[in-house]
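J.:
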Amino acid sequence: MSQTITVLAPIKLAAGKTETELLTASERFQAEFVCHQPGIIRRELVRRDDGQFMDIIQFKDRKSLEDVMAEEQQSEVCMAFFAIMDMNATSANIEICESLSTHLN
21 MSQTITVLAP IKLAAGKTET ELLTASERFQ AEFVCHQPGI IRRELVRRDD GQFMDIIQFK
81 DRKSLEDVMA EEQQSEVCMA FFAIMDMNAT SANIEICESL STHLN
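Residue numbers (the numbering used here): 21 to 125.
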């Protein structure tokens, strides 16, 4: 049985970029890329208490994550979204987690 994968991707804005620019790029990324990826279950962009941001993405399984990561490399929309971020700080701290148990209220 394949396990749901959750990716926790902290986002540090690139120098001179704003939260408004992040939100605009995130909406485009969602509409033009994420919505077309059958392996993505859910995505949420949040602001952390420290003023930084985090993208939380759930995938059906590890293969879905790998497929999306490969597609991202070919996508202009993804590159535009990533351009808002300080990728040195962002990509170094990405966490990939496998679900062991899920509970819904």
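Note that beta-carbon positions come from the ideal geometry of N, C-alpha and C, so glycine has one too.
Could you give the C-beta distance for Arg67 and Ile77, rounded to a whole number, given that I count them as a contact under 8 Å?
T.: The pair is not a contact, with the Cβ atoms about 16 Å apart (cut-off 8 Å).
J.: Are the CB atoms of Thr24 and Ser121 nearer to each other than 7 Å?
T.: No, Cβ-Cβ distance for Thr24 and Ser121 is not below 7 Å.
J.: Using 7 Å as the threshold, is the C-beta distance between Cys98 and Thr26 below it?
T.: Not closer than 7 Å, so no.
J.: Just verifying my parser: in three-state terms, what is the DSSP assignment at Phe49?
T.: Phe49 falls in the helix class under three-state DSSP.
J.: Could you check how far apart the C-beta atoms of Ala45 and Ala100 are, in whole angstroms? I think they sit under 8 Å.
T.: Going by Cβ atoms, the distance from Ala45 to Ala100 rounds to 6 Å, so yes, they are a contact pair.
J.: Would you kindly work out how many angstroms separate the C-alpha atoms of Ala34 and Ala90, rounded to a whole number?
T.: Cα to Cα, Ala34 sits roughly 23 Å from Ala90.
J.: Please state if the CB of Ile114 and the CB of Lys37 are separated by a distance shorter than 7 Å.
T.: Not closer than 7 Å, so no.
J.: Where DSSP assigns a beta bridge to Lys78, which residues make up the other side?
T.: Inspection of the sequence shows that residue 78 is occupied by Gln rather than by Lys. For Gln78, which the question treats as bridged, DSSP gives the partners Thr26, Arg62.
J.: Could you check whether Ala29 and Asp69 sit closer than 7 Å to each other, using their CB atoms as the reference points?
T.: No, these two residues do not count as a Cβ contact at 7 Å.
J.: How would you call Leu124, buried or exposed, if buried means at least 16 neighbouring beta carbons within 10 angstroms?
T.: When all chains shown are included, Leu124 counts as exposed.
J.: Could you spell out the range, first to last residue, of the alpha helix (DSSP H) harbouring Cys98?
T.: Looking at the DSSP string, the run of the alpha helix (DSSP H) that includes Cys98 is 96 to 102.
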